[in-house]
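Below: one structure, written as structure tokens.
There are 2 protein chains.
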Amino acid sequence: MDADPDLFKAIGDATRRTILDELTERDGQTLFELCSRLTMKHGLASSRQAVSQHLAVLEQAGLVHTRRQGRYKFHHLDTSPLRSIVERWPIDREAPNP
Amino acid sequence: MDADPDLFKAIGDATRRTILDELTERDGQTLFELCSRLTMKHGLASSRQAVSQHLAVLEQAGLVHTRRQGRYKFHHLDTSPLRSIVERWPIDREAPNP
DNA sequence: GTTATAGGCAAGTGGCCACTTGCCTGTCAA
DNA sequence: TTGACAGGCAAGTGGCCACTTGCCTATAAC
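First to last, the protein sequences are chains A and B.
Numbering (the numbering used here) for the first sequence: 328 to 425.
Numbering (the numbering used here) for the second sequence: 328 to 425.
Listed below in structure tokens is the structure:
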């Protein structure tokens, strides 16, 4: 029971959720790419180290996979761990919209 | 963007997730009922006040609705707020099991 | 080689949050 | 009406975590 506390810790932070949003919109970004976009679009004054630590947490939760290429490190989104949430507490399939 | 930080805060705590598990198994429990079951089954040495505060957080997130009846207060699970998670980051519909 | 770029590592710090403690209110049975 | 029971309110405390700071490694351009 409660096999993945890392997952909930990962999505528990607002900045990390914004990072997931960013990767949803544009997958495979580098660290610096994410940094500039977070400050530009979302107004988050997140330093490079802060974003790097956030990405480490997201990677540990399995929500982000990394791919090294030269001196670049590309970050790819993986939403499959989120499935465990709706499997744990089944959502009543009611259409909220008509 | 990020309209419901209360939701992620609610499911961010392990004890609150266990409370959701308890309510999934048996809906409409009172505070004392939850307290004894959490200590019995899950080994959580959660005091009454702690569980009460957890329930308040869950209620604020819309995951738990309460129903007063005399001196009893019954807690009912509502998993519909969880839908916003999978709507925000769509899960690739791949069958992980054959 | 030298410099700039992309990223990593580790210690320190401040704020939030879970939990406790103590006391209070309301409901029901005797 | 008195006691037990179910729950609420508020202040205090300790620990975790996000963020910073400073320095380091590695790849690529010049």
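Here a beta-carbon is modelled for each residue, glycine too, at the ideal position from N, C-alpha and C.
Owing to the predicted nature of the structure, the values given are computational and were not obtained by experimental measurement.
Query: Measure how close the beta-carbons of A/L390 and A/L347 come, nearest whole angstrom, since I'm counting them as under 8 Å.; Result: 7 Å
Query: Hey, would you say A/L334 sits closer than 8 Å to A/P417, going by beta carbons?; Result: no
Query: Beta carbon of B/H402, beta carbon of B/L365: below 8 Å?; Result: no
Query: Quick one, are the C-beta atoms of A/T406 and B/D419 less than 8 Å apart?; Result: yes
Query: Under 8 Å between beta-carbons, which chain B residues line up against A/V378? List them in chain order, please.; Result: Neighbours of A/V378 on chain B: none; closest Cβ ~16 Å, over 8 Å.
Query: If I follow the unbroken alpha helix (DSSP H) through B/L390, where does it start and stop?; Result: First-last for B/L390: undefined, no H or E at that position.
Query: Please classify A/Q356 as buried or exposed, where buried requires at least 16 other C-beta atoms within 10 Å of its C-beta.; Result: buried
Query: Using DSSP's beta-bridge definition, name the partner residues of A/Q356.; Result: A/H402
Query: Between which two residues does the alpha helix (DSSP H) harbouring A/A337 extend?; Result: P332 to A337
Query: Taking the alpha-carbon positions, what's the A/K336 to B/G339 distance?; Result: 6 Å
Query: Taking Cβ-Cβ distances shorter than 7 Å, what residues in chain A pair up with B/I346?; Result: The contacting residues do not exist; B/I346 stays about 11 Å from chain A at best.
Query: Within the same chain, show all residues whose beta-carbon is closer than 6 Å to that of B/V378, passing over the 5 residues directly before and after it, in chain order.; Result: L361 and C362
Query: Name the two residues that bound the continuous alpha helix (DSSP H) containing A/S374.; Result: A/S374 -> no alpha helix (DSSP H), and no H or E assigned at all.
Query: Listing by chain order, which chain B residues have their CB less than 8 Å from the CB of A/L361?; Result: The contacting residues do not exist; A/L361 stays about 16 Å from chain B at best.
Query: Find the residues of chain B that neighbour A/T351, judging by a C-beta separation of less than 7 Å, and give them in chain order.; Result: W416
Query: What residues in its chain sit with their C-beta under 7 Å from that of B/P423, if we drop five residues either side in the sequence?; Result: Any reading at B/P423 needs caution, since the residue's pLDDT is 48, under 50, leaving its predicted position unreliable; the model's value is listed next. Contacts found: none.
Query: Indicate the three-state DSSP secondary structure (helix, strand or coil) for A/P417 in the structure shown.; Result: coil
Query: Of all Cβ atoms in chain B, is any one closer than 8 Å to the Cβ of A/G339?; Result: yes
Query: With DSSP collapsed to three states, give me the class of A/D340.; Result: coil
Query: Whose CA, out of A/P332, A/R353, A/V384 and A/A330, lies closest to the CA of A/T342?; Result: A/V384
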